[in-house]
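Participant: One structure, pasted below without further comment.
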Amino acid sequence: MSSLAMITIFMVDLYIPLGVAVGVMYVCCIALLLREKKEVTLKLSLLSTFLTSIIPVLTFDERTTWMAFVNRGISILSIWILYIIAVQHKKLNDEKASYIKKLEQNNKEQEQFIYITSHDLQEPLNTISSFTSILKDKYSSVLDETGKKCVNYIHLSSQRMSTLIKDLLEYERIGRRLILEEVDCNLLVKEVLEDLHQKIEANNASILINDLPMVNVIKNEFGLLFQNLISNAIKFGPIDDHPIIEINAVRKQNSWVFSVKDNGIGIDQQHHNKIFIIFQRLHSSHEYQGTGIGLAHCKKIVDLHHGKIWVESTLGKGTTFYFEIPTSQS
82 MSSLAMITIF
92 MVDLYIPLGV
102 AVGVMYVCCI
112 ALLLREKKEV
122 TLKLSLLSTF
132 LTSIIPVLTF
142 DERTTWMAFV
152 NRGISILSIW
162 ILYIIAVQHK
172 KLNDEKASYI
182 KKLEQNNKEQ
192 EQFIYITSHD
202 LQEPLNTISS
212 FTSILKDKYS
222 SVLDETGKKC
232 VNYIHLSSQR
242 MSTLIKDLLE
252 YERIGRRLIL
262 EEVDCNLLVK
272 EVLEDLHQKI
282 EANNASILIN
292 DLPMVNVIKN
302 EFGLLFQNLI
312 SNAIKFGPID
322 DHPIIEINAV
332 RKQNSWVFSV
342 KDNGIGIDQQ
352 HHNKIFIIFQ
362 RLHSSHEYQG
372 TGIGLAHCKK
382 IVDLHHGKIW
392 VESTLGKGTT
402 FYFEIPTSQS
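All residue numbers for the sequence shown refer to my numbering, where the first residue is 82 and numbers rise by one.
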């Protein structure tokens, strides 16, 4: 196809010498070859060079000036500059394709490794948990106080490990289904609150929801973001009062800034950055249950939406988590 186009240009150039203009047409033909193999591009670059340079010889007469040769020289230089660009373009594309292929393979291997590892870990943990339950229920009278405490510690530790594995799997799965859809955040938060109904009732928590926008997001992940922040607000609520949580959203020029505000125990300023790092806990498991993954989930979800998340808090005076989501995402 490109060869035919070059021959056609050559015939036009032979009968109507146009100087550098036709040379540019040859260059345009070479530009069509960016998707061709390197060898094909080389052959057609050679062909276009030959056709461009032979015209002044075939059409030479007393009217031919030095400018005709200069124009042809410029055209030939352009052809080979474009050839170098095309070769580099192909090289970068090949490297990119190779990298993507390796990345996909690594992701598959990682997914298989995590699944197999978690399955193999869950099985013995379930066995430990089951047998410690039997010891607690049926052999409690045989054990002394030290034995009962040991069995109870084993049982609680196996349950925490099981929860940790489940949370790690959930963290790894975030971002697997990158499908953006228009979501009404009012309805989404309502669904989250229904899932958290027992926890809200048990802690006598009050949830205040201001008018929330429609946003283009990954629905399941965005729901998990609200769930983690609301759960945290309830868990770390005030010591001598019931939790009061306010959810709000403010429109900026090209984004929405959401906030989840509580009246809880607060977070010391020195810990504001590290709380979003996986496994970072500010309290022992005896004080507050959890794995230290929830806020890492939140950051990963916000990052997937090309946004940012931060916290403002004072010890004993409550906490407000903010996350900003762009209104348009690619």
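Yeah, the Cβ is synthetic: ideal placement off N, Cα and C, and Gly gets one too. Note that the structure is predicted; figures quoted are calculated from it, not measured.
How long is the line joining the alpha carbons of Phe357 and Trp161, rounded to whole angstroms?
Facilitator: Taking the straight line from one Cα to the other gives about 52 Å.
Participant: Grouping DSSP H, G and I as helix and E and B as strand, with all else coil, what is Val296?
Facilitator: Strand, per DSSP.
Participant: Bridge partners of Phe331, per DSSP?
Facilitator: The sequence shown places Val at residue 331, rather than the Phe named in the question. DSSP, once it has assigned bridges, lists Val338 as partnering Val331.
Participant: Determine, using beta-carbon pairs with one atom in the segment 303-322 and one in the segment 267-280, whether at least three such pairs fall under 8 Å.
Facilitator: Enough Cβ pairs lie closer than 8 Å, so yes.
Participant: Quick one: Cα of Ser366 to Cα of Met295, how far?
Facilitator: Confidence is the limiting factor: at Ser366 the pLDDT is only 48, short of 50, which leaves the residue's position unreliable and the question unanswerable from this model.
Participant: Between Val298 and Leu261, how many whole angstroms is the CB-CB distance? I'm expecting something under 8 Å.
Facilitator: With a Cβ gap of about 6 Å, Val298 and Leu261 count as contacting.
Participant: If you run the structure through DSSP and keep just helix, strand and coil, what is Lys118?
Facilitator: In the structure shown, Lys118 sits in coil (DSSP, three-state: anything other than H, G, I, E or B).
Participant: Look up Pro407 in the DSSP assignment and give the residues it is bridged to.
Facilitator: Answer is Ser336, bridged to Pro407.
Participant: Going by C-alpha to C-alpha distance, which of Phe339, Leu216, Thr133 sits closest to Ile157?
Facilitator: Cα-wise, what sits closest to Ile157 is Thr133.
Participant: When DSSP labels each residue in this structure, what does Lys389 get in the three-state scheme?
Facilitator: It is a strand residue.
Participant: By Cβ distance below 8 Å, which residues in the same chain neighbour Ser221 in space, the five residues on each side in sequence not counted?
Facilitator: Around Ser221: Lys229.
Participant: Does the distance from the CB of Asp343 to the CB of Phe317 come in under 9 Å?
Facilitator: Yes; because the gap between Cβ atoms is below 9 Å, this pair is in contact.
Participant: Does the Cβ of Ser239 have 16 or more other Cβ atoms within 10 Å, making it buried, or fewer, making it exposed?
Facilitator: The residue is buried, with at least 16 neighbouring Cβ atoms inside 10 Å.
Participant: According to DSSP, Asp343 sits in a beta bridge with which residue or residues?
Facilitator: Asp343 pairs with Ile326, Thr400.
Participant: With DSSP as the reference, identify every bridge partner of Asp265, one or two as the case may be.
Facilitator: Paired residues: Met295.
Participant: Do the CB positions of Asn267 and Ile281 come within less than 9 Å of each other?
Facilitator: The answer is no: Cβ separation not under 9 Å.
Participant: Thinking C-alpha only, which one of Val341, Gln334, His378 is nearest Thr400?
Facilitator: The shortest C-alpha separation from Thr400 is found at Val341.
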